[in-house]
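Residue numbers (our numbering): 237 to 492.
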């Protein structure tokens, strides 16, 4: 039996964010001010709660390929929101966005891109909410570095716990070494991934941070190639090439 999607995301973010916060506090890392806590809670609810929660729930209807395609549209939303807020992406950044979305589409074109109106709507909304939260966080006073990651993940996780409870989801516990290892790996991966993302948002051009949306599928396919012994089709190689071109364009744009 599959675990309830909102409960799964809630536990992942709450435990990972809370654990990191405790570790940082023990290491005497400066604690957030009340203002920073409020801002972290708001952006954490939008990004980790609403955006990630919508994406997780959409998985009930979307295939993995469709989920990746919808996630890649966050780069488009980010660029459009940038225009609306005066950030003005460069031509190279627009090129990177276009190549990234096309590359992900080509990469998964051989797979079954199954969906449902509810899954399509939730997946698209999740991508939009993530981009909106990312843009918004650039304009707020937030804790620095890993403390920012911890407070946002913890806030988003607690929000999802409340929503999961109100929606009537029943927590599913299946204790076993394999399940425990999978949970730990997922939480550590989430911490590293989101921590790296927030670091890039703070110190690099925003378009470079958001490029994760089309880099992640390449990482997944590469792991399948070397770990799972899968074979890549010519079309998948072309898709990867297009995505790498998008990364190059985005990186060059960040240096200008």
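We put the beta carbon where it would ideally sit given N, CA and C, even for glycine.
Candidates 374, 285, 449, 389: closest to residue 251 by CA position: As a working mapping, residue 251 is identified with position 15 in the chain shown. Residue 251 has its Cα closest to that of 389, out of 374, 285, 449, 389.
N-terminal and C-terminal residue of the alpha helix (DSSP H) that residue 466 is part of: On the chain shown, position 230 is the one that residue 466 refers to. Unbroken run through residue 466: none, as it is neither H nor E.
Cβ-Cβ distance between residue 246 and residue 387 below 8 Å: As a working note, residue 246 is residue 10 in the chain shown. As a working note, residue 387 is residue 151 in the chain shown. No; because the gap between Cβ atoms is not below 8 Å, this pair is not in contact.
Residue from 373, 340, 306, 345 with nearest C-alpha to residue 355: Position 119 of the chain shown holds residue 355. Minimum Cα distance to residue 355 is reached at 306.
For residue 336, three-class secondary structure by DSSP: In the chain shown, counting from the first residue as 1, residue 336 sits at position 100. Three-state result, residue 336: helix.
Which listed residue (273, 324, 359, 335) has its alpha carbon closest to that of residue 299: By one-based count along the chain shown, residue 299 stands at place 63. Ranking 273, 324, 359, 335 by Cα distance to residue 299 puts 359 first.
Endpoints, alpha helix (DSSP H) assigned at residue 248: Position 12 of the chain shown holds residue 248. Looking at the DSSP string, the run of the alpha helix (DSSP H) that includes residue 248 is 241-262.
Same chain only: Cβ atoms within 7 Å of residue 304, ignoring 5 sequence neighbours per side: Position 68 of the chain shown, counted from the first residue, corresponds to residue 304. Correct list, in chain order: 340, 344, 453.
N-terminal and C-terminal residue of the alpha helix (DSSP H) that residue 385 is part of: Along the chain shown, read from residue 1 onward, the residue named residue 385 stands at position 149. Where residue 385 is concerned, the enclosing alpha helix (DSSP H) stretches over 381-402.
Alpha-carbon spacing of residue 249 relative to residue 284, whole angstroms: Position 13 of the chain shown, counted from the start, is the residue given in the question as residue 249. Position 48 of the chain shown, counted from the start, is the residue given in the question as residue 284. Between residue 249 and residue 284, the C-alpha separation is close to 8 Å.
Residue 485 and residue 316 closer than 8 Å at C-beta: Here residue 485 refers to the residue found at position 249 of the chain shown. Here residue 316 refers to the residue found at position 80 of the chain shown. No, the Cβ-Cβ distance between residue 485 and residue 316 is not below 8 Å.
Close-in-space but distant-in-sequence residues of the same chain around residue 342 (CB under 7 Å, 5 per side omitted): Here residue 342 refers to the residue found at position 106 of the chain shown. The answer, listed in chain order, is 471, 474, 475, 478.
Beta-carbon proximity check, residue 253 vs residue 393, cutoff 8 Å: Taking the chain shown and counting its residues from 1, the one referred to as residue 253 is at position 17. Taking the chain shown and counting its residues from 1, the one referred to as residue 393 is at position 157. Yes.
Beta carbon of residue 437 nearer than 8 Å to that of residue 370: Within the chain shown, the letter at position 201 stands for residue 437. Within the chain shown, the letter at position 134 stands for residue 370. For residue 437 and residue 370, yes; Cβs fall inside 8 Å.
Any C-beta of chain B under 8 Å from that of residue 261: No chain B is part of this structure, which consists of one protein chain only.
Length at least 3, wholly inside the region 339-365: the beta strand (DSSP E) runs in chain order: none
Three-state class that DSSP yields for residue 407 in the structure shown: Here residue 407 refers to the residue found at position 171 of the chain shown. Three-state result, residue 407: coil.
Contact the region 370-383 vs the region 259-272: 3+ CB pairs below 8 Å: yes
Cβ-Cβ separation, residue 346 to residue 481 (assumed contact under 8 Å), whole Å: The count along the chain shown starts at 1 and reaches residue 481 at position 245. The count along the chain shown starts at 1 and reaches residue 346 at position 110. The pair is not a contact, with the Cβ atoms about 20 Å apart (cut-off 8 Å).
Rounded Cβ spacing between residue 327 and residue 318 (contact assumed at less than 8 Å): Numbered from 1 along the chain shown, position 91 holds the residue referred to as residue 327. Numbered from 1 along the chain shown, position 82 holds the residue referred to as residue 318. Incorrect: roughly 13 Å between the Cβ atoms, too far for contact.
Neighbourhood of residue 292 by C-beta, 6 Å cutoff - its chain only, sequence neighbours within 5 removed: As a position in the chain shown, residue 292 is number 56, starting the count at 1. So the list reads 241, 245, once near-sequence residues are dropped.
Close-in-space but distant-in-sequence residues of the same chain around residue 395 (CB under 6 Å, 5 per side omitted): Position 159 of the chain shown holds residue 395. Answer for residue 395: 281, 285, listed in chain order.
DSSP-derived helix/strand/coil call for residue 324: On the chain shown, residue 324 is found 88 positions in, with the first residue counted as 1. Correct three-state label for residue 324: coil.
Residue 290, buried or exposed, once every other Cβ within 10 Å from all chains shown has been counted against 16: For this step, residue 290 is matched to residue 54 along the chain shown. Answer is buried; the Cβ neighbour count reaches 16.
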